[in-house]
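Report on one structure; see the data block that follows.
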Amino acid sequence: MKTLLLLRHAKSAWDDPGLADMERPLTPRGQAAAARMGRHLRDTGLVPERVLCSPARRAAETLALVLAGPTHTPVVDQRPELYLRGWSALLAAVQGLPGAVDRAMLVSHNPDIHELAVALAGSGAPAALAALAAKYPTGALAVLRFAVQDWRAVAPGTGTLQEFVSPRHLS
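Heads up, the sequence shown stops at 237 in the numbering used here, and the numbers go up one at a time, no gaps.
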């Protein structure tokens, strides 16, 4: 059994028009949301063993806040192919994860992460699937489980959506 956590970066700032898209930081609201999501992962026992993260500043800042706190530190790989290259590039990165890893997280951007989550979620609670299909807010997390032994077997329609939660729904 493999578990994949798909995390969209938290709310980022647009107030500096001269700043490159890759360099946009999180807003204070985004920082608070990422910290809330980190507490949620720790409280639910979903801290990943391995993380694949976009190299964009807002993704890296989101990840740092999510992983802050008393827990183990997973191996983190920042990869250029996770920055706005399409959902198939994200899927290829997931399929390349080592077989020994059972719980992995991918931190990336819309529309890619939304399209990947929708493509992978073949089953799950109808309300969660409908919420996922409708919108993937900043800082939101989709938790998908796969009845496979190897990440290479992860394919569209093979995942079960266990949870879809946004920071605004966490206390």
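Built from N, CA and C at the ideal position, the CB exists for glycine as well. Treat the numbers as computed from the prediction; the structure is a model and nothing was measured.
According to DSSP, is residue i part of a helix, a strand, or is it coil?
i      : result
Arg234 : helix
Val160 : helix
Arg218 : helix
Leu148 : helix
Quick one, which of the options has its alpha-carbon nearest residue i's?
i      : options                           : result
Arg234 : Ser78, Arg102 and Glu115          : Arg102
Ser189 : Leu156, Val167 and Glu229         : Glu229
Arg105 : Ala134, Pro177 and Gln215         : Ala134
Val167 : Gly84, Thr224, Arg218 and Gly223  : Arg218
Pro177 : Ala170, Leu156, Phe212 and Val132 : Leu156
Could you give the first and the last residue of the continuous beta strand (DSSP E) run that contains residue i?
i      : result
Arg74  : Lys68 to Arg74
Ala208 : Leu207 to Phe212
Using a threshold of 7 Å, is the CB atom of residue i nearer than that to any non-hydrogen atom of the ligand NAP?
i      : result
Leu148 : Within the structure as shown, the ligand NAP is missing, as the structure has no ligands at all.
Quiz prompt | Complete beta strand (DSSP E) runs within the stretch 76-132 (minimum length 3 residues, chain order) | solution = 116-119
Self-check item: Minimum length 4: unbroken alpha helix (DSSP H) runs contained in the stretch 162-191
Solution: Listed in chain order, the alpha helix (DSSP H) elements of length 4 or more contained wholly in the stretch 162-191 are 178-186.
Quiz item: Looking at C-beta atoms only, is the number of pairs between the stretch 72-92 and the stretch 116-127 that lie closer than 8 Å three or more?
Solution: Three or more pairs of CB atoms, one per stretch, sit closer than 8 Å, so the stretch 72-92 contacts the stretch 116-127.
Self-check item: Segment contact, 8 Å Cβ cut-off, at least three pairs: the stretch 87-97 with the stretch 182-199
Solution: no
Quiz item: Would you call the stretch 80-92 and the stretch 178-193 touching, i.e. three or more CB-CB distances under 8 Å?
Solution: Here the stretch 80-92 makes no contact with the stretch 178-193; the two share fewer than three CB pairs at distances below 8 Å.
Quiz item: So does the stretch 135-142 actually touch the stretch 202-209, counting three or more Cβ pairs closer than 8 Å?
Solution: With the cut-off at 8 Å, the stretch 135-142 and the stretch 202-209 do not touch.
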